[in-house]
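Participant:
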Amino acid sequence: MSDLHHMGVAELAALLQTKQVSAVEVATRFLARLGGNPHNAFLDVNSEVTLEQARASDAKLAAGTAGPLEGVPIAHKDVFVTKDFVTTAGSKILSGYRSPFDATVVRKLRDAGMVTLGKLNCDEFAMGSSNENSAFGAVSNPWETSHVPGGSSGGSAAAVAARLTPAASGTDTGGSIRQPAAFCGITGIKPTYGRASRYGMVAYASSLDQAGPMARSAEDCALLLSAMCGPDVDRDSTSLDVPAEDFSSDLLSPLATAGREGGPLVIGVPEEWSEWSEGGLRNNDVSFDVLLPLTNALHQLIQLGAKVKRIHLADGNLAIPVYYIVACAEASSNLSRFDGVKFGHRAAQYGDLLDMYQKTRSEGFGAEVKRRIMTGAYVLSHGYYDAYYLQAQKIRRMIADDFQRAFAQCDVIAGPVAPTTAWKLGEKADDPVANYLADIFTLPASLAGLPCMSLPVGLGEGNMPVGMQLIGNYLDEARLLNVAHQFQMAHPELHNAQPGSLA
Amino acid sequence: MSAAKLVHGYEVVIGFETHTQLATQSKIFSRASTAFGAEPNTQACAVDLALPGTLPVMNRAAVECAIQLGLALGSHIAPRSVFARKNYFYPDLPKGYQISQFEIPVVQGGAVSFFLDGEPKTVRLVRAHLEEDAGKSLHEDASLGGGGQSGIDLNRAGTPLLEIVTEPDMRSSEEAVAYAKELHKIVTWIGMCDGNMQEGSFRCDANVSVRKPGTPLGTRREIKNLNSFKFMQQAIDFEVRWQIEQIEDGHAIQQATVLFNPDTGETRAMRTKEDAADYRYFPDPDLPLLVIAPEWVERVRSEMTELPRAMAERFVRNYGLPEYDAATLTQSKGMAAYFEQTVKACGQPKLASNWIMGEVSRRMNADGIDIEQSPVSAARLGALISRIYDSTISNNAAKDVFDALWNVSGDLVVDAGALSTVDAIIEAKGLKQMNDSGELEKIIDEVLAAHPKNVEEYKAGNAKALNGLVGPIMKASKGKANPAQVNDLLKKKLG
C-alpha cells in the first residue's frame, strides 16, 4: 500500500487487525520516512528495536492475542524514559542517558500493541513554546520550514504533521501539547491532571505536568488516550484512582443532544479571551487571521446543533505570572538531581565539590532552563516565599474556582490556543517574555488541572494552521473528544489538510 | 517545675531533637529494603537513586509508627499534614532535596513523663514529623594514604525517620539523659524503632543554652548526633562549662552546630548561623496531603500494645503491687512480660515482684544480661515461688535452688515441667522442709528434755526463753524444720 503513511491510527489498526498489512510492513514504511531525520524531529531511532517489536506484533496478530492498537507505530516525546532508546529530555545534561525502566505511559501503549519508532525532539526539560530550547537543535514546522513547530512537544507535532508517525506522545505543562498541535495543524489532548501516570516522565513542574496523545484526528486521540490512561497509584501518588475509560464511547453523540439532560451542547466563549458578539469574535490581542477560522468553527458547531454562550473567566490574565512562579519553583527543585553525581553529564575538569556542581550544571543546562531554575529558587527563598509562591497558590485556586463557575453555565469552553500562528524561527528567541505572553490562553486550564485539547480549524496568513482550544470539566475528556469528532466528521478537510511539502 | 539546679549561678536550658529510625520493612517512599549492614548501594532502587521519572509513594507502615508515637505521648495526630521539600545539594542526597514535614507535621504536642531521683518530670513535645534519611558519604583520608576520594552509599537513603522535637524544658544533663532514656524506652516498647543507638536508629541532637535565672533564653548551640547516653551527658556537661566560661570571659555565644568528640570529651563548632543555608521549603507537589481519618487512628489504637504507664497502673490495681514495684517492673516490655508469666505460674504477685526485683535483677546485673536471656524461665521462677508458698522449702533454701537453676539449667532436662525440675533440685540438694509433725515432735521432745531451764523460764512468763529452744530444734533437724511449724508445736506443748 503506497499511502500507508497517510493513514491514521484507527485506519492502520483496522488494516492490521484484518491482516491487510503487516506490522513489519508498516514499521518499515515509517522507518524509511525517518531517514535523514526530516525537520530534526527525532532524537533517537533504533530500527532493530522497532522491527523486533513489529515482528512480535505480527506474531500476536497471527495468534489472535493482539492488543487493540497492535502494530500501530508511535513515537515518544523525549521526556518519557525508555529502556530501548536514549532519553535526554532535550538536555545536554542527560546526553546518552538510558533508563533502566519504561515510563508507565510507554509501557501501557506497548501493552496495547503499539510499536515504538523512536524519541522525539522537544524543548529542554519541556521548557519552551517553540522547540528552540532543545540542546539538540530546533525543529522546523512542516507547513513552512522557516517557522517554529511550537513547543515544548514540537518534535511530536512536526512528526505527526509530516507523516513521520501516525501518533506521538506529548506532555503539557502550560500548553505544550495544545500549542504545537495548533501550530502544526494536528489534534492533541491533555487529559485531567492525574489521568495519565507521571511515572517515568522526566519532571518539569510536578503539579502541572500531564501526558497526552497527539495525532491527526480526535478519533485517533480517543483511541490513544484510552490506552495511555488509568490509575498507577503504586508508582505515582498524584495518579487519579479512577478506572481506565473508553474515550471513544461518546464520539458519535450528536451535538444537538450532547448537552446536559439531553439538551443541546452549550459552548462557553470567555469574553476575556475573545468577545463573541453579533456572531463574530473580537479581541485586539488575538491576530485576525486566528480569529477568523475560530469564528467559522463556532458557526459550524452551531450548525451541528450546539449553542454558543458568552461566559467570564475574570482571573485568566493572572495565569501568566502564577504559572511562571509555580512552574519555576517546582522546576528549580525537580532539576536539583542533575548534579553530576549519579548519572548524566559531569564536568570533565573540576576542583572541589562546589566547583563540580557549578561546572556540571553550567555546562549541562541551557539558558532557558537556567533562567527558570533561578526564578524558581528566587520565589522560594526565605523572605520572598509568602509574596510569590504562596500568593500564586491562592490565585491558582481562584482560577480553578472561576472555571467551576463557568461550567455551571456551559458544557465546554472554546477559544484560541495561541494569539498568533507559528512564528518564524529565531523571531522570539532572544525575548523570553514575548514567549511567555504567548501562553496566555493555554495556562489557565493547566493551572486548574482541567482536560483540554486543540483541533485544527483552518489556515491563517501564509497558510499556517490555526487551532481551536476546547476545555472541559474534570474527567470530561470523552465530551471534548465527542465535540471534536463531530466537527471533524462534518469538516474532514480541516484536519486532513496537509503541509504543502507533502502534496 | 521544681527549682532548677544551677551551675555556677547559671540555669541550664536543654531541648532535644531525636531522629528515630522506624522499624518498617521498606523505605518511606520506595519498596527497597531498610535492612542494616548490606553491601553499599545494594538496597537502593530507582526511586532512592532519584533516577529521572521516579516518584515517591508513601509507606503506610511509617505513618502508623507516627500514629503510635502520638498515641503513646498524648499528642494531637494531625488529620491532614503536609510533606515539604528541604532543598540542598549534597552527594548523599540523591534528589537534591529531602522530603520532610515543615509547616504542618503529623504529630503535634504531647509530653514525656519520667522520674528523676524520685521526682516526677515532664518534658513537652513541640512536634514529631516524618522524613526520609539521606545516604552516607565515606571520605578517604588523603593524609592516611587514601586518594582523598569520597564514596556514596545510598542504602540508607529513604529510610523512614520520625524526628521528635521537645520544648526547651530540661534543666540539667541528668534530666536530659533521663528524658532520652524514657523516650528510648517508649519507642522500643511500642516497637516503632529498634532503638539501636550504635547503628544510628536513635540519634539525639541537644540544643543547649545557659542563662542567669529569670533572664530570657540564652543563645543556643546544637550538639549533633549523640549516639550514646554516656556521651550525651559528657557532651552536655562540657558544652555547659564552655558556654559559662565564654560568658564569664565576656564573649557572647554564637548560634552554632557543634560535634562532640568522645576521644577528647570536647564539643567543637562545625558551622555557625552565618553559613546557615536557605532550604527553600515548599510543599512537595509529588505527594498529596497526608490524610489520617479518625478510623485509622482508632484501628492503630486498638492494635497497640499496652503502654508502660497504663501497665503499671494495672499492676497496682490488679496485683496489689506498690507503685514503686509497678514502675520498676514496667521499665522494659521483657521485664513486665516475665513478671506476668511468673505470676501466672505461681499466683503470688508480691513474692514474684520481690524475687524479680531482688535475686533475678542482682544476677542479671552481675552477668550483664537482659531478662530475655535469663537462664531461669518465668515458669521455673514461678514453680520455685510456689514451693516457697506451699512451705516445701524455706526462703533461704529457695536461694540455693535459684542459684542451681541459674547455673546449671543448661544441663537440666529441658522437656521436664518447671515444677518437676524445681522439685528435682530440692530433692537432690535435700532442702525440703520437715513438714512431718511426727518426726518433728520427736525432735522437739528430745530438745525440751535436754533444756529444762528454758522450759521453766518460759512457763514463768519469759517469752524470749522460747528462742533458746528453737535454735537447737532447727539444728537437730539440719535446718529442714519449718520455723513456723516449730513455733506452733512448741507453744502447744508448753501451753
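From first to last, the protein sequence lines stand for chains A and B.
For the first sequence, my numbering assigns the number 6 to the initial residue and increments by one for each residue that follows.
For the second sequence, my numbering assigns the number 171 to the initial residue and increments by one for each residue that follows.
Glycine included, C-beta positions come from ideal geometry on N, C-alpha and C.
Computed from a prediction, not measured in an experiment: that's the story for all the values here.
Following the continuous alpha helix (DSSP H) through A/Q396, name the residue where it begins and the one where it ends.
Facilitator: Segment 396-412, the alpha helix (DSSP H) holding A/Q396.
Participant: In chain order, which continuous runs of the alpha helix (DSSP H) of length 4 or greater are located wholly inside the region 229-285 of chain A?
Facilitator: Correct list: empty.
Participant: Among B/I614, B/K634, B/A646, B/G638, which one has its Cα closest to the Cα of B/K662?
Facilitator: Out of B/I614, B/K634, B/A646, B/G638, B/I614 has the C-alpha closest to the C-alpha of B/K662.
Participant: Taking any Cβ of chain B, which residues in the region 87-120 of chain A have a Cβ under 8 Å from it, in chain order?
Facilitator: Residues passing the 8 Å Cβ filter: T92, A94, L99, Y102, S104, P105, F106, A108.
Participant: What's the gap between the Cα of A/E57 and the Cα of A/L486?
Facilitator: So the two alpha carbons sit approximately 33 Å from each other.
Participant: At a Cβ threshold of 7 Å, is B/K306 touching chain A?
Facilitator: Judged by the 7 Å Cβ criterion, B/K306 is not in contact with chain A.
Participant: Can a CB atom of chain A be found closer than 7 Å to the CB of B/S172?
Facilitator: With a pLDDT of only 47 at B/S172, under 50, the local geometry of the prediction cannot be trusted, and no value is derived from it.
Participant: Are any of the Cβ atoms in chain B nearer than 7 Å to that of A/V207?
Facilitator: Yes - at least one Cβ of chain B is within 7 Å of the one on A/V207.
Participant: So the alpha helix (DSSP H) A/Y383 belongs to, where does it begin and stop?
Facilitator: Taken as a continuous stretch (DSSP letters only), the alpha helix (DSSP H) holding A/Y383 covers 372-385.
Participant: What residue range does the alpha helix (DSSP H) around A/C333 cover?
Facilitator: Segment 324-339, the alpha helix (DSSP H) holding A/C333.
Participant: So that I know if they touch, is there some Cβ in chain B lying closer than 7 Å to that of A/V54?
Facilitator: Chain B, which has no Cβ nearer than 7 Å to the Cβ of A/V54, makes this no.
Participant: For the candidate residues A/L475, A/S151, A/S139, A/I98, whose alpha-carbon lies nearest to that of A/G160?
Facilitator: A/G160 has its Cα closest to that of A/S139, out of A/L475, A/S151, A/S139, A/I98.
Participant: Could you tell me whether the Cβ atoms of B/V656 and B/V640 are closer together than 7 Å?
Facilitator: Yes, these two residues count as a Cβ contact at 7 Å.
Participant: Sorted by chain position, which residues of the same chain lie with C-beta nearer than 8 Å to B/D141's C-beta, five sequence neighbours on each side aside?
Facilitator: For residue 141 of chain B there is no data in the structure shown, the boundaries of chain B being 171 and 665.
Participant: B/G321 lies in the beta strand (DSSP E); which residues open and close that run?
Facilitator: Unbroken beta strand (DSSP E) run through B/G321: 320-323.
Participant: DSSP three-state label for A/K124, please.
Facilitator: Reduced to three states, the DSSP call for A/K124 is strand.
Participant: So, is the C-beta of B/L219 closer than 7 Å to a C-beta in chain A?
Facilitator: Chain A contact via Cβ: present.
Participant: Which residues in the same chain as B/A281 place their Cβ atom closer than 8 Å to its Cβ, once the five residues preceding and following it in sequence are excluded?
Facilitator: The answer, listed in chain order, is L243, G244, T292, V293, R294, L295.
Participant: What is the DSSP secondary structure of B/G528, counted as helix, strand or coil?
Facilitator: If DSSP states are grouped into helix, strand and coil, B/G528 belongs with the helices.
Participant: With DSSP run on the structure shown, which of helix, strand or coil describes A/A187?
Facilitator: Helix.
Participant: Is the shortest distance between the beta-carbon of A/V384 and the beta-carbons of chain B less than 7 Å?
Facilitator: No, A/V384 lies away from the interface with chain B (no Cβ there is under 7 Å from its Cβ).
Participant: Buried or exposed for A/M12, please, with buried defined as at least 16 other CB atoms from any protein chain shown within 10 angstroms of its CB.
Facilitator: That one is buried.
Participant: Tell me which residue opens and which closes the beta strand (DSSP E) that A/M458 is part of.
Facilitator: 457-464 is the extent of the beta strand (DSSP E) around A/M458.
Participant: Between the beta-carbon of A/Y5 and the beta-carbon of A/I330, is there less than 7 Å?
Facilitator: Chain A is shown from 6 up to 508; residue 5 of chain A falls before or after that span and cannot be answered.
Participant: For B/W576 versus B/V546, is the C-beta distance shorter than 7 Å?
Facilitator: The answer is yes: Cβ separation under 7 Å.
Participant: Decide if A/Q354 is buried, meaning its Cβ has at least 16 other Cβ atoms within 10 Å, or exposed.
Facilitator: It is exposed - the Cβ of A/Q354 has fewer than 16 other Cβ atoms within 10 Å.
Participant: Beta carbons nearer than 9 Å to chain A: which residues of the region 267-282 of chain B have them?
Facilitator: Within the region 267-282 of chain B, the residues whose Cβ lies closer than 9 Å to some Cβ of chain A are Y267, listed in chain order.
Participant: Closer than 8 Å between beta carbons: that is the criterion. Which residues of the region 234-248 of chain A meet it against chain B?
Facilitator: Hits within the stretch, in order: V238, D239, R240, D241, S242, T243.
Participant: Tell me the DSSP secondary structure of B/Y267 in three-state form.
Facilitator: The answer is strand: DSSP assigns B/Y267 an E or B state.
Participant: Using a beta-carbon distance below 7 Å, is A/K351 in contact with chain B?
Facilitator: Per the sequence presented here, residue 351 of chain A reads as Arg, with Lys not at that position. No - not a single Cβ of chain B is within 7 Å of the one on A/R351.
Participant: Here's the rule: buried if 16 or more other CB atoms are within 10 angstroms of the residue's CB, otherwise exposed. What is B/T336?
Facilitator: It counts as buried.
Participant: Near A/A352, which residues of its chain fall below 7 Å by C-beta distance, leaving aside the five closest residues on each side in sequence?
Facilitator: Contacts found: G345, M361, K364, T365, E368.
Participant: Report yes or no: do three or more beta-carbon pairs, one from the region 512-526 of chain B and one from the region 542-556 of chain B, lie closer than 8 Å?
Facilitator: As far as the Cβ criterion goes, the region 512-526 of chain B touches the region 542-556 of chain B, which means the pair count is three or higher.
Participant: Quick one: what's A/I476 bridged to in DSSP?
Facilitator: Its beta-bridge partners are A/I418, A/C457.
Participant: Could you work out which residue in A/P105, A/P43, A/G179, A/A28 is closest to A/I79 when comparing CA atoms only?
Facilitator: Closest option to A/I79, Cα to Cα, is A/A28.
Participant: Could one say the Cβ of B/K503 lies closer than 7 Å to chain A's Cβ atoms, at least one of them?
Facilitator: Not an interface residue.
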